[in-house]
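K.L.:
The sequence shown begins at 1 in the UniProt record's numbering and counts up by one.
By construction, the Cβ of each residue, glycine as well, lies at the ideal position given by its N, Cα and C atoms.
Got a structure here, written out as structure tokens. Questions coming.
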Amino acid sequence: MLKISGNTTLVLNINGEDREIIAKPSDTLLYTLRNQLGLTGAKPGCENGDCGACTVLVDNWPIKSCLMLTVEALGKKITTIEGLNNIPIQKAFIENWGFQCGYCTSGFIMVCHSLSIHHPDADEHTIEEWLQSNLCRCTSYQEIRDAINSILK
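Right under this line is the structure:
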């Protein structure tokens, strides 16, 4: 295991590119993405893992980046909302009005994209389980369910 103290130069694979960053042992992945790399799609919400606004994919699995230390991302493939281009779930969110203010939308899109990868034939129960990891305070979840249902099966 890599031990770091003070500022350490690390190389992370972000959106398919190796990116060199300088991290402290206490830096979260959310902090590094936003403040060092300018990738602001992952949003700071609760910053304690409850809301999911900061969700990114780590090796195609949704992870709350406020809970992951930057150093833990070494050797992993990190995908942010900025790394997704015209994927079906993005279009489905637009077509089904799966957003209101938009603050939580990138986190939901990341969760739904991962769900479509790992469970392309997900039933309603599985969809509900996956959507429980994120919170939206503006809309009903029906539009988000409609968006994910429109691309599955």
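Kindly list the residues whose CB is nearer than 7 angstroms to the CB of Phe-93, restricted to its own chain and excluding five residues on each side of it in sequence; keep chain order.
P.N.:
Within the same chain, Phe-93 has close Cβ partners Phe-99, Thr-105, Ile-109, Ala-147.
K.L.:
Between which residues of its own chain and Glu-124 is the CB-CB distance below 7 angstroms, once the five residues before and five after are set aside?
P.N.:
Cβ neighbours of Glu-124 beyond the five flanking positions: none.
K.L.:
Here's the rule: buried if 16 or more other CB atoms are within 10 angstroms of the residue's CB, otherwise exposed. What is Asn-134?
P.N.:
Buried, because 16 or more other Cβ atoms sit within 10 Å of the Cβ of Asn-134.
K.L.:
Enumerate in chain order the residues of its own chain whose CB-to-CB distance from Pro-120 is below 8 angstroms, with the five nearest sequence positions on each side excluded.
P.N.:
If we look at Pro-120 and ignore the five residues flanking it on each side, its Cβ neighbours are Leu-152, Lys-153.
K.L.:
In this structure, does DSSP put Trp-61 in helix, strand or coil?
P.N.:
Residue state, collapsed to three classes: strand.
K.L.:
Comparing C-alpha positions only, which one of Leu-30, Leu-131, Gly-16 sits nearest to Asp-59?
P.N.:
The option with the nearest alpha carbon to Asp-59 is Gly-16.
K.L.:
So, for Leu-39: in the same chain, excluding its five sequence neighbours on each side, which residues have a beta-carbon less than 6 angstroms away from its beta-carbon?
P.N.:
So the list reads Leu-33, Thr-80, Glu-82, once near-sequence residues are dropped.
K.L.:
Taking 8 angstroms as the cut-off, is the CB of Gly-52 close to at least one heavy atom of the ligand ZN?
P.N.:
Ligands are entirely absent from the displayed structure, and the ligand ZN is therefore not among its contents.
K.L.:
For Lys-24, which of helix, strand or coil comes out of DSSP?
P.N.:
Coil.
K.L.:
Could you name the residues of the same chain whose beta carbon sits closer than 8 angstroms to that of Cys-51, not counting the 5 residues immediately before and after it, in chain order?
P.N.:
Counting only Cβ-Cβ distances below 8 angstroms, and skipping sequence neighbours, we find Gly-45, Cys-104, Gly-107, Asn-134, Leu-135.
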